[in-house]
Amino acid sequence: MKKFLEYVAEDILNKYGTDLSKIAVVFPNKRASMFLNEQLAIKAGRPLWSPAYITISDFFRQHSSLLIGDSIKLICEIHKSFIECTNIDESLDHFYGWGQLLLADFDDIDKNMADASNVFKNIKDLHELDDISYLTDEQKEILHKFFSNFTTDNKSELKKRFLQLWCHFEDIYNNYKERLRKQNIAYEGMLYRDVAQQTINYKYDKYLFVGFNMVQKVEQEIFSNLQKEHKAGFYWDFDSFYMTPKTNEAGHYISKYLKMFPNELDLSDKEIYDNFSSHKNIVYANASTENIQARYVSDWLKEHDRYKYGKNTAIVLCDESLLPTIIHCIPKEVDCVNITSGYPLFQTPVSSFVLQLLDLKLKGFSSNKDRYQLSYVIQVLSHPYAQYISDKCSELLAELKEKNIYYPTLQILNKDEYTRRLFELQNDNNALMQWLMDILKRVAININNDDRDPLFQESIFRMYTLCNRLSELVCSGDLDVDSITLQKLIVQLINSTSIPFHGEPAEGIQVMGILETRNLDFDHILILSCNEGNMPKGITDSSFIPYSIRKAYELTTVDNKVAIYAYYFYNLIQRASDVTIVYNNSTEDGHTGEMSRFMLQLLTDGNFNIKRISLKADQQLIYSKPKVIVKDEAIACALDAMNFISPTSINRYMRCPLQFYYYNIAKIKELDDTYEMDNRMFGNIFHDAAEILYRKYLNGENRIIKKETINNILKNHSLIERIVDEAFYNIYFKQEYNGKDNKIFYNGLQLINREVIIRYLKRLIEIDLSLAPFTIVGIENDVYDNVTFIANGCERKICIGGRIDRMDKIVDTESNTEKIRIVDYKTGSSKLKDAKSLEDIFMRPLNTEIHADYYLQIMLYSLIVRTNKKYNNSNLPVSPALLFIQHSSEEGYNPIISIDKKKINDISEFIPDFMDNIKAILSEIFDKSTPFTHTTEKKTCINCPYARLCGY
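Counting the sequence shown from 1 gives a position; my numbering is that position plus 28.
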């Protein structure tokens, strides 16, 4: 295949020789210049003076004394003109979106050299259309049709407001241009129009315009002026296949321009302009996800050894957000890749870091409390870049998590000069931007020392440049917005910024967006995400100027945009022999599932044998098999070293032997990275509050609790609140409570939980009031005993026990005798079901429906107390009790547990059978021939922290 730029190079050399120093070649974009320069060198076969290569944008800028203004600066200035012309004191925050729309309209008016006074004519009713003699009949008809809706008979409030705003558009337009001119800046359309209307002293003898399609009127003016001076030449790239505008919009513009600006190449040469008639292998592929498309890149390049064709092979992205995934899908066989699309800044770590920093300052500081909120502080300190700010960041993070300091003060956060700078307060946008730049500078310095990753370095540089640009606008007073709008602008800029890749453009596989393909030809092309909405892209008509008026005054409309993208599509594939076009056929996640209209057009308009394929995820279901851990020598040694086991560990083994292995033998602890309130934390705080209550305030003479004492506590609501606050300090905030000196800052969730715990504690006191008088034997006491069992054919002894919530002595109402209760507090909402027998408690896997683990634990504690004189020297009966606070208000509620609906008034009747079951489990745990296996109860795996380890 001979490329378009080869024909151009040959023609230039034939007409102008090898001294091209007085010639400028003008392209729509920069990329094609390198390829043309290469072709000129090849075709010349000897040294030559290269021409100057410029883009059409460069041409206009070179011939103007004005500079293109910063996009944000331009919006700030248009806002000032808006206020001056309308006397509407609209804040820049609210105006910003309007300003972007208005600027786009002004730009379009100037690039199409429309008369702004006519476009923005103040039309209050239809009679004002009388003097429109300058319009064609067709334009008059379009305007009449539009403004017929604005007669006095049909004037809604919306139309009235629109017309009021319309009245000022011309004033804003003129005021704005004058304002910019005084500052020697301009928007692009304004600069282009100025150049097109002035007399230019051209630098070069000849300007060759190569590969243009849609030419704005300002550009047409330049073309015409140069043409009159015999200084212009035009090279048009097209194919006869789409040059009938009535059937294919791709040739809409070039077919018009060929008469005005004749082609330098021979229009009748079929080698150049009839490539669609040659054979093409075209494949349409559908895929259900973007990732499947990206993964297909590797297979496509290796298929038929396409990767070996280097720069003659192109991967074109209709959706450039695919780029990061595509990069990782390039096969290792590819030696060289040239990527023209930039890497999105918003997908780099520095982007998330900056956004988290802004959230910290704008949302994370509570001015009424003069403190930060922990969640925002944690976000920043957990970010990988925090290590580059200060070595103390990880230490500070650990401290905040350990103590659950939910509202840390500036003093707490001040570990060194860098953490002080990180968390210090800024009182305006100028200080905020300077602070942000200081943090980025600090990170950049340390990244350069520790991490030579060029992407990280370049992303930091781009972000710093972006912030510096905003800082200058804020400092000058041009960008006068509130901090929330400033944050939105930063997000908008980050999303629109990309990091360019550096490399040799004329070498290797070409990866590019659709706009970069102009003037370039490839043998092998893979087009990805060629969906309606991506191709053509962004064809919405957002504007203050309605479609009818835009069309009447020949401004840019949706129709123009479709024609432009049609040309891009057909021009890209016209000389290729091997074309694969992939589209997403899924209708999920906002996708339409439609192939591009141009793909459908190619199916119907040409005689192409298009192959259709479907891409599938090359994945197979892997059925995991649960692990079996055989008790090897290391595990046997660990078991032999165990001299203590708790009821919780026994329950864990019964729930899942593998879980027991991971926790008790392998010592893999569950990661506790939450600093929010959860059920476990809630229960711990309640237990501590109950302990404080009984140790400090209900610890009567000889530990006897009387009704009078309890009534006094119930009346003192503030005391109950202080008890709960102290428990929060001890358990949640992990700090020492000093009474009135401790001011606690609770967040919303903590306040709710605090109120619930206060209510639960009050309910516990009310329950005890009905029991009084009674004796507290122990609060949060440890009880232990030794158990002897057979393991591996030998007698083995182990200590078993744990901590009980409460042990009290009450008078049994039925027998009128004293007994001991072992009480376990339960704060959950579940209701306890009666066990029918001991078999229910020791069922494998653990019977979760009746909470068999609760039964086992409280019965084991009760049994230890019953049989050990250290805890029960009077040999009193012992009853196990599970006190569910939420259900304790039910009539006749009795927390003593039941077996087969019979309350256990004395655990002694269950001792032999219960201990036989316990010994059997212990024998199994320590038996070296019994492996640790996975539970058969899948429900257990749902919340198991080791689920991913065992692979079940």
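Positions of the beta carbon are idealized from the N, C-alpha and C atoms, including for glycine.
Three-way DSSP call (helix, strand, coil) for residue i in this model
| i | result |
| --- | --- |
| serine 526 | strand |
| glutamate 198 | helix |
| leucine 507 | coil |
| aspartate 868 | helix |
| serine 677 | helix |
| lysine 183 | Residue placement at lysine 183 cannot be trusted, given a pLDDT of 49 that sits under 50; the coordinates are not used to answer. |
| glutamate 661 | helix |
| lysine 152 | Any answer about lysine 152 is weak, because its pLDDT of 36 lies below 50 and its placement is not dependable; what the coordinates show is given next. Looking at lysine 152 - three-state DSSP - the assignment turns out to be coil, as it is neither helix nor strand. |
| methionine 670 | coil |
| tyrosine 232 | coil |
| proline 923 | coil |
| glycine 541 | strand |
| glycine 829 | strand |
| asparagine 303 | coil |
Extent of the continuous alpha helix (DSSP H) to which residue i belongs
| i | result |
| --- | --- |
| leucine 425 | 420-431 |
| aspartate 796 | 776-799 |
| serine 957 | Looking at the DSSP string, serine 957 is not in any alpha helix (DSSP H), and its letter there is neither H nor E. |
| proline 352 | 351-357 |
| asparagine 121 | The amino acid occupying residue 121 in the given sequence is aspartate; asparagine does not appear at that position. Residues 120-139. |
| alanine 260 | First-last for alanine 260: 260-263, but that is the beta strand (DSSP E), not the alpha helix (DSSP H). |
C-beta atoms of residue i and residue j nearer than 8 Å
| i | j | result |
| --- | --- | --- |
| glycine 18 | isoleucine 537 | Beyond the ends of the chain as shown, which are 29 and 980, falls residue 18; an answer cannot be given. |
| isoleucine 785 | isoleucine 741 | no |
| tyrosine 765 | asparagine 775 | no |
| isoleucine 663 | valine 344 | no |
| isoleucine 850 | proline 908 | yes |
| asparagine 933 | aspartate 840 | yes |
| isoleucine 848 | valine 805 | yes |
| valine 815 | tyrosine 899 | no |
| valine 610 | glutamine 321 | yes |
| alanine 534 | glutamate 66 | yes |
| asparagine 562 | aspartate 347 | yes |
| glutamate 206 | aspartate 135 | no |
| aspartate 302 | aspartate 267 | yes |
| isoleucine 103 | leucine 131 | yes |
| leucine 94 | asparagine 547 | no |
| alanine 838 | leucine 891 | The amino acid at residue 838 is misidentified as alanine; the sequence shows isoleucine. No, the Cβ-Cβ distance between isoleucine 838 and leucine 891 is not below 8 Å. |
Delimiting residues of the beta strand (DSSP E) encompassing residue i
| i | result |
| --- | --- |
| serine 369 | Careful: serine 369 lies outside any beta strand (DSSP E) and carries neither H nor E. |
| serine 61 | From DSSP, serine 61 is part of no beta strand (DSSP E) but of the alpha helix (DSSP H) over 59-72. |
| histidine 552 | 552-556 |
| asparagine 809 | 802-819 |
| valine 851 | 846-854 |
| glutamate 445 | Premise fails: glutamate 445 lies in the alpha helix (DSSP H), 445-451, not in any beta strand (DSSP E). |
| glycine 97 | Run containing glycine 97: none; DSSP gives neither H nor E here. |
| asparagine 971 | It is not in any beta strand (DSSP E) - asparagine 971 carries neither H nor E in the DSSP assignment. |
Own chain, CB closer than 7 Å to residue i, minus 5 neighbours either side, in chain order
| i | result |
| --- | --- |
| tyrosine 270 | Asn276, Ala278, Gly279, Tyr598 |
| tyrosine 404 | Asp387, Leu388, Lys391, Gly392 |
| leucine 874 | Asn679, Met682, Arg683, Ala880, Asp881 |
| lysine 861 | Glu877, Ile878 |
| leucine 631 | Ile638 |
| tyrosine 921 | His915 |
| glutamate 198 | Ala144, Ser145, Phe148 |
| isoleucine 9 | The structure shown does not extend to residue 9, since the chain is modelled only from 29 to 980, so the question has no answer here. |
Own chain residues within Cβ distance below 8 Å of residue i, not counting five before or after
| i | result |
| --- | --- |
| lysine 469 | Tyr492 |
| arginine 74 | Thr46 |
| leucine 789 | Phe714, Ala717, Ala718, Leu721, Ile748, Ile751, Val752 |
| lysine 71 | Glu34, Ala37, Glu38, Leu41 |
| threonine 545 | Ala342, Val344, Tyr596, Asn599, Leu600 |
Cβ-Cβ separation, residue j to residue i (assumed contact under 8 Å), whole Å
| i | j | result |
| --- | --- | --- |
| valine 36 | tyrosine 263 | 5 Å |
| phenylalanine 960 | isoleucine 657 | 4 Å |
| proline 675 | leucine 884 | 6 Å |
| alanine 224 | methionine 141 | 7 Å |
| isoleucine 488 | valine 378 | 5 Å |
| leucine 120 | aspartate 508 | 6 Å |
Contacts around residue i, its chain only, beta-carbon distance under 6 Å, and the 5 residues preceding and following it disregarded
| i | result |
| --- | --- |
| arginine 640 | Tyr312 |
| isoleucine 988 | Past the edges of the chain, shown from 29 to 980, lies residue 988, and the structure says nothing about it. |
| leucine 236 | Val53, Gly261 |
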